[in-house]
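A short worksheet on the structure shown next.
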Amino acid sequence: GKTSKKTYIVHVSKSQMPAEFVEHSHWYDASLQAVSDSAEMLYTYDTVTHGFSARLTPAEAEALAARAGVLAVVPETRYHLH
Amino acid sequence: TTRTPEFLGISHESGLFPESESVTDVVVGVLDTGVWPERKSYDDTGFGPVPATWKGACEEGKDFKAATACNRKLIGARFFCKGYEASMGPVDESRESRSPRDGDGHGTHTSSTAAGNFVQDASLLGYASGTARGMATRARIAVYKVCWTGGCFSSDILAALDKAVDDGVNVLSLSLGGGQSDYFRDGVAIGAFAAMEKGILVSCSAGNAGPGTASLSNVAPWITTVGAGTIDRDFPAYITLGNGMNYTGVSLYSGKPLPDEKLHFVYAGNVTNSTNGNLCMSGTLIPEKVAGKIVLCDRGINARVQKGAVVKEAGGAGMILSNTAANGEELVADAHLLPATAVGEKTGNAIKSYLSSEQNPVASIIFGGTKVGVEPSPVLAAFSSRGPNAITPAILKPDLIAPGVNILAGWTGAAGPTGLAVDTRRTEFNIISGTSMSCPHVSGLAALLKGSHPDWSPAAIKSALMTTAYSSYKGGKPLLDVSTGMAATPFDVGSGHVDPVQALDPGLVYDITPDDYIGFLCAIGYTPLQIGAVSKRNASCDSGKKYSVSDLNYPSFSVPFETATTGAGGAGSTTTIVKHVRTLTNVGTPGSYRATVTAAAEYVKVTVEPAELSFKQVGETLSYTVSFTAVSQPSGTSSFGSLVWSDGKHVVASPIAFTWT
């Protein structure tokens, strides 16, 4: 549904962080709060990718994807053992 | 594992592959279901201090204390469940540990396969007995638990990869997959890219979706994609029917044998009220018609070992499990709870024919223990996922195969060898099958190469493993595919079966830099945003430059041709020429290499220019152009060939796959 939340991985361009932020985590928090009152962040990523994962509605994910510095907002995938 | 070191030629007895002490500086990171640290495979006797560069940790949980769990062998253990819990609810701690502890067994199996220490007198209930060991016994292990009873979630996998790379692993082993998706949507591909940039080789399982075509997972070119083959070991079980006919299956049953006299024998499909009763699903067998009898069940839908439990619960005395067309003649052994054996499709059909023609059918099963020296071996497993590569057809995948059928390795103390709740047995080792088992073989072998050649890039190590792999038996006949009984193709086995002794000294390697992979992403048409998501780079492709996947210095060749759509003659009327440029780096002694090409079909011609390369020093690079000329063929046609460079001592082989779409 439109209001049900699922996990998204948000990839950002670290170099596009606005000047008013000192810490990337603050930028991530602000980006998340800008699209959602209730979204919760699961992880921040800083080595293999730049960005974070969070629980979002599809509309929130879409709004996040449109923000400056966001490269991609990808729904979580479930993997299985081989 | 027992037997695979001998099968691969790296047993210490052979003296061919002594492990250098530098391997103790190599850390293999395993993303899986965690670890059962009390297993002897993680004994750290003889290990020196943890490498100074190591930044990992041993995270604690209720049942996982760093002081006792981690040591100089198992140097890291972390768990990641935020993504899992966000989707599935809190981890049910009555069923699984919210810690790095492995309640499943899979993770203990894979990590001990990659780098477990020596364990004498290992076996599963007496089967496959011997000294068990991982591929890189002197390497260190770090485990990252990302898989839980409900699956493995990409947010957790990315977090684990983030930590593993930070911690300082040198090789990453992932025996999991998530189907087929673009690289910028695939957490494993993204994590593996950054790992590769840091010099970490990432080995992933190809998947168990074979023998269907285009069924691969983990196909990014910076990943080493591993399919599965058999070894020269079997666990035979002998069936005798009332008509005197004898058949052979496989089994790991260890318990009270069946009585000497033959027992009544029924087909599950005839002792059920269910339309799919032949599959021996839970609750589908009629106990009065099963009690004391041997039951023939068909493979499919539910787990093989569960079928045995269903027959046992219904009062059956034994089970014969028949493959169907989906599995052909592939025999996977299981530690069933009752006397049971698996048989191939042909044998199953013959037995069904007896069952339907005989009014009072009877049968017996005798268990034959462990048999080694089975030939031919290796044979490609039917379940091993196959090419072509659905994401990037111009990159040949899988890259190679390794042992993945009936592999003995360490197991959890929380579950029996079948993994069923009703299985109360506990064993230090288990024998299981899958590309999950072949992947850590390659991860461990990569750790050995890394220890021997610390300066080699991940691409160079992968190239060494691929170009020295073998695609034919000693007599020259091509490796077989058990699903067809016919020769396996490069879409099935990639470059072939890993040969670590040869990989130690490959002569030449095809090296690839991270920048080369950016060019590859440009070639497949990724936007700057997509490239940024994969690579973290603000990379934009040069609009004035022509990028091509064939520019990637890959150690194998995949050449997709487009079928001619015009011309009165249709297929066969148009000739296409495709050129690939490759660069070889000398990692051996100076020498002159000559190229030899073969192509299976007469409508394909392969030429190499120059046909001879003379290397004067180590590290020297020389390039060549290979031209593939083909007459147009009907869509769906495929053909194969090979390109081999040799100086008389080294053989640097690349498979070639041609397709027409």
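In the order they appear, the protein sequences are chains A and B.
For the first sequence, my numbering assigns the number 1 to the initial residue and increments by one for each residue that follows.
For the second sequence, my numbering assigns the number 1001 to the initial residue and increments by one for each residue that follows.
Ideal Cβ positions, reconstructed from N, Cα and C, are used throughout, including at glycine.
Contact set for residue i: own chain, Cβ-Cβ below 6 Å, skip 5 residues either direction
i: histidine 11 (chain A); result: Thr49, Gly51, Leu71, Ala72
i: glycine 1315 (chain B); result: Pro1287, Val1290, Ala1291
i: glycine 1569 (chain B); result: Note that glycine 1569 (chain B) has pLDDT 47, beneath the 50 cutoff, so the model's placement of it is unreliable and no number is given.
i: asparagine 1302 (chain B); result: Met1281
Residue nearest to residue i in terms of C-alpha spacing, selected from the options
i: valine 1028 (chain B); options: B:Asn1360, B:Ile1075, B:Val1266; result: B:Ile1075
i: valine 1023 (chain B); options: B:Ser1623, B:Ser1452, B:Thr1467; result: B:Ser1452
i: isoleucine 1431 (chain B); options: B:Asp1043, B:Thr1110, B:Ala1069; result: B:Thr1110
i: cysteine 1541 (chain B); options: B:Asp1516, B:Phe1561, B:Val1559, B:Thr1563; result: B:Asp1516
i: alanine 1268 (chain B); options: B:Ile1294, B:Thr1563, B:Thr1248; result: B:Ile1294
i: glycine 1116 (chain B); options: B:Gly1475, B:Phe1429, B:Gln1306, B:Pro1490; result: B:Phe1429
i: leucine 1355 (chain B); options: B:Cys1297, B:Arg1039, B:Gly1046, B:Tyr1624; result: B:Cys1297
i: glutamate 1612 (chain B); options: B:Ala1595, B:Thr1435, B:Lys1605; result: B:Ala1595
i: phenylalanine 1153 (chain B); options: B:Ser1472, B:Pro1257, B:Tyr1084; result: B:Tyr1084
i: threonine 3 (chain A); options: A:Pro58, A:Arg67, A:Ser53, A:Ser38; result: A:Pro58
i: alanine 1309 (chain B); options: B:Pro1506, B:Leu1420, B:Gly1244, B:Ile1351; result: B:Leu1420
i: leucine 1529 (chain B); options: B:Pro1417, B:Ser1433, B:Ala1052, B:Tyr1183; result: B:Tyr1183
Short CB-CB distance (under 8 Å) between residue i and chain A
i: asparagine 1270 (chain B); result: no
i: asparagine 1538 (chain B); result: yes
i: threonine 1435 (chain B); result: yes
i: alanine 1159 (chain B); result: yes
i: aspartate 1499 (chain B); result: no
i: alanine 1568 (chain B); result: Residue placement at alanine 1568 (chain B) is poorly supported in this model, since its pLDDT is 47, which falls under 50; the coordinates still yield a value, given next. Output row for alanine 1568 (chain B): interface = no.
i: glutamine 1306 (chain B); result: no
i: threonine 1397 (chain B); result: What sits at residue 1397 (chain B) in the sequence shown is lysine, not threonine. With 8 Å as the cut-off, lysine 1397 (chain B) does not count as an interface residue toward chain A.
i: glutamate 1013 (chain B); result: Annotation note: pLDDT 49 at glutamate 1013 (chain B) (below 50); position unreliable, coordinate value reported separately. No, glutamate 1013 (chain B) does not count as interfacial toward chain A.
i: cysteine 1280 (chain B); result: no
i: arginine 1101 (chain B); result: no
i: phenylalanine 1184 (chain B); result: yes
i: glycine 1544 (chain B); result: no
i: cysteine 1670 (chain B); result: This structure leaves residue 1670 (chain B) out entirely; chain B is present only between 1001 and 1661.
i: glycine 1177 (chain B); result: yes
i: serine 1592 (chain B); result: no
i: glutamine 1530 (chain B); result: yes
i: lysine 1082 (chain B); result: yes
i: valine 1165 (chain B); result: yes
i: isoleucine 1190 (chain B); result: yes
i: cysteine 1058 (chain B); result: no
i: alanine 1086 (chain B); result: yes
Test: residue i CB closer than 8 Å to a CB of chain B
i: alanine 83 (chain A); result: This structure cannot settle anything about residue 83 (chain A), because the visible part of chain A is limited to 1 through 82.
i: valine 78 (chain A); result: The displayed chain sequence assigns arginine, not valine, to residue 78 (chain A). With 8 Å as the cut-off, arginine 78 (chain A) counts as an interface residue toward chain B.
i: leucine 32 (chain A); result: no
i: serine 13 (chain A); result: yes
i: leucine 42 (chain A); result: yes
i: aspartate 46 (chain A); result: yes
i: histidine 26 (chain A); result: no
i: threonine 49 (chain A); result: yes
i: leucine 64 (chain A); result: no
i: arginine 55 (chain A); result: yes
i: threonine 3 (chain A); result: no
i: alanine 19 (chain A); result: no
Nonlocal neighbours in the same chain, by C-beta distance under 7 Å from residue i, ignoring five residues either side
i: aspartate 1234 (chain B); result: Val1250, Lys1371, Val1374
i: serine 1011 (chain B); result: Pro1005
i: glutamate 1013 (chain B); result: At glutamate 1013 (chain B) the pLDDT is 49, less than 50, meaning the model places this residue with poor confidence; the figure from the coordinates comes in the next sentence. The answer is none, since no qualifying residue turns up.
- Message: Under 8 Å: do the region 1500–1509 of chain B and the region 1435–1449 of chain B share three or more Cβ pairs, one atom per stretch?
- Response: Taking 8 Å as the limit for Cβ pairs, the verdict is that the region 1435–1449 of chain B does touch the region 1500–1509 of chain B.
Output the residue ranges of the alpha helix (DSSP H) runs that lie fully inside the region 1007–1051 of chain B and measure 4 residues or longer, sorted by chain position. none
Okay, do the region 1374–1385 of chain B and the region 1227–1240 of chain B touch, 3+ Cβ pairs below 8 Å being the bar? yes
What are the complete beta strand (DSSP E) segments, minimum 3 residues, inside the region 1393–1445 of chain B? 1400–1403, 1407–1410, 1429–1432
- Could you tell me whether the region 1157–1169 of chain B touches the region 1078–1093 of chain B, where touching means 3 or more Cβ pairs closer than 8 Å? yes
Three-pair Cβ contact test at 8 Å for the region 1541–1561 of chain B versus the region 1451–1470 of chain B:
yes
Would you be able to state if there are at least three C-beta pairs under 8 Å between the region 1342–1362 of chain B and the region 1410–1427 of chain B? no
- Task: Could you tell me whether the region 1163–1183 of chain B touches the region 32–40 of chain A, using the rule of 3 or more Cβ pairs below 8 Å?
- Result: no
(Q) At 3 residues or longer, what runs of the beta strand (DSSP E) sit wholly inside the region 1302–1387 of chain B? (A) 1318–1322, 1340–1343, 1362–1367
Any contact of the region 1129–1138 of chain B with the region 1091–1101 of chain B, i.e. 3+ C-beta pairs under 8 Å?
no
task = Output the residue ranges of the alpha helix (DSSP H) runs that lie fully inside the region 1436–1493 of chain B and measure 4 residues or longer, sorted by chain position.
result = 1458–1467, 1490–1493
Original post:
Which ranges does the alpha helix (DSSP H) cover as unbroken runs of at least 4 residues, wholly within the region 16–75 of chain A, from first to last along the chain?
Top reply: Listed in chain order, the complete alpha helix (DSSP H) runs (minimum 4 residues) inside the region 16–75 of chain A are 24–35, 58–65.
Inside the region 1144–1190 of chain B only - alpha helix (DSSP H) runs reaching at least 4 residues = 1154–1167
Are the region 1184–1199 of chain B and the region 1211–1221 of chain B touching, with three or more C-beta to C-beta distances below 8 Å?
yes
* To do: Taking 8 Å as the threshold, find out whether the region 1472–1483 of chain B comes into contact with the region 1328–1336 of chain B through three or more Cβ pairs.
  => Because the criterion of three Cβ pairs below 8 Å is met, the region 1472–1483 of chain B and the region 1328–1336 of chain B touch.
Determine contact between the region 1029–1046 of chain B and the region 1107–1124 of chain B, defined as no fewer than three beta-carbon pairs at a distance below 8 Å. yes
Quick test of the definition: if touching needs 3 or more C-beta pairs under 8 Å, does the region 1389–1398 of chain B touch the region 1542–1550 of chain B? yes
| query | Which runs of the beta strand (DSSP E) fall wholly inside the region 1095–1144 of chain B and span at least 3 residues, in chain order? | reply | Runs found: 1119–1124, 1127–1132.
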